[in-house]
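Numbering (numbering that gives the first Met the number 0), first residue to last: 0 to 228.
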Amino acid sequence: MEKEFGPVLRFLRGIVRLFIPTYQLDQDTIPDLSQPTVFVSHHENLRGPLKIIIWTTIFMRIWVLAKLTDPKACYHHFVGYTFTQRFHLPKAIAKLLAFPAAWIVAFFLKQARVIPVYRGSRQLKKTFTTSLQALEERVPVTIFPDVDYQSKDQPVGKIYEGFLHLEKLYYRKYHRHIQFVPLYANRKTHKIYCGQAVTFQGPKENFRQERDRVAQKLQDQLNQLLNKD
């Protein structure tokens, strides 16, 4: 299991940091990472993941859509959706740009040691298996569960709750709870804050009820971190 980001990514992070606003991880808010930890953050139309991957001092495994980690699948995604539907480029130009872009993106995601997320596929089991292994080795997993991930709005809206099944699987296998920790890169203070850990409580039979409670607390805390001065 990987324990640090790839060498190319580490080198390029150092270069990129010279030309963009600095964000510092607030050391006082970092949770006890000797516990299995899942960071939950705000996507903000890619701004969130980029800020965190560039400035984090903690090695973490980030959930990323699986098709972006494979050059061929990434190419088809860029041509069929990203460049044509989102950016409204002619298909010929989209194809021209998508080929190098797909290979570059897939390469850097590999360097970032991301965990591919196989949405709507039987392979989703791989996502959870890899995540459980990382958590057991005390490598934090980071997830951006925004339903509207393209939104650039500051307030955190509705989030998907499916990732919380990690708790059910982890507890079943290891008989320990995961701590879910809000993580947010604040534009005003230029700090990356960790919120208070949220954990499941009570008997496992109440998973659905607890899932809703945990998801709401995470969403509320992210919005509090957003307004932190």
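Even glycine gets a Cβ: it sits at the ideal position worked out from N, Cα and C.
Predicted model only: the values in this text are computed from it and were never measured.
**Prompt:** Is it the case that the Cβ atoms of V138 and M59 are separated by a distance below 8 Å?
**Reply:** yes
**Prompt:** Using the beta-carbon count (16 or more within 10 Å), is Q195 buried or exposed?
**Reply:** exposed
**Request:** Evaluate V15 with the Cβ neighbour count: other Cβ atoms within 10 Å of its Cβ, from every protein chain shown; 16 or more gives buried, anything less gives exposed.
**Result:** exposed
**Request:** Compute the beta-carbon to beta-carbon distance between V78 and K94, rounded to the nearest angstrom, for a pair I have assumed lies under 8 Å.
**Result:** 6 Å
**Item:** Residue environment, D211, which counts as buried when at least 16 other CB atoms sit within 10 Å
**Value:** exposed
**Request:** Write down every uninterrupted run of the beta strand (DSSP E) in the stretch 44-102 whose length is 3 residues or greater and which is fully enclosed by it, in chain order.
**Result:** 60-64
**Request:** Output yes or no for whether 8 Å exceeds the beta carbon distance between F143 and H42.
**Result:** yes
**Asked** Among residues of its own chain, excluding the 5 on either side of L96, which ones have a beta-carbon nearer than 7 Å to its beta-carbon?
**Response** F82
**Message:** Once the 5 residues before and after T141 are set aside, which same chain residues still bring their CB inside 6 Å of it?
**Reply:** F38, M59 and I61
**Message:** Taking 7 Å as the limit between beta carbons, can you name the residues of its chain near Y159, skipping five residues before and five after?
**Reply:** P144 and V146
**Message:** Quick check: K157 and Y192, are their CB atoms within less than 8 Å of each other?
**Reply:** no
**Prompt:** So what's M195 in DSSP terms, helix, strand or just coil?
**Reply:** Reading off the sequence shown, one finds Gln at residue 195, where the question assumed Met. It is coil, neither helix nor strand.
**Request:** Pick out the complete alpha helix (DSSP H) segments inside the stretch 96-173, 4 residues or longer, and give them in chain order.
**Result:** 123-135 and 164-173
**Message:** Using 8 Å as the cut-off, can you tell me whether the stretch 160-173 makes contact with the stretch 125-134, which would need three or more C-beta pairs spanning the two stretches below that distance?
**Reply:** yes
**Asked** Closest to V63 by CA distance: which of R171, F206 and Q110 is it?
**Response** Q110
**Request:** Spell out whether any CB of chain D is found under 8 Å from the CB atom of V213.
**Result:** In the structure shown, chain D cannot be found, because there is only a single protein chain.
**Asked** Tell me which same chain residues have a C-beta within less than 7 Å of the C-beta of Y74, skipping the five on either side of it?
**Response** A97, F98 and A101
**Item:** Beta-carbon separation (whole angstroms), E135 vs Y173, contact threshold 8 Å
**Value:** 6 Å
**Prompt:** Taking just the CA atoms, how far does I92 sit from L182?
**Reply:** 37 Å
**Message:** Between L168 and L131, how many whole angstroms is the CB-CB distance? I'm expecting something under 8 Å.
**Reply:** 6 Å
**Best match in F199, K190 and Q178 for proximity to T55 [C-alpha to C-alpha]** = K190
**Request:** Just the C-alpha distance for K216 and V197, rounded to the nearest angstrom, thanks.
**Result:** 7 Å
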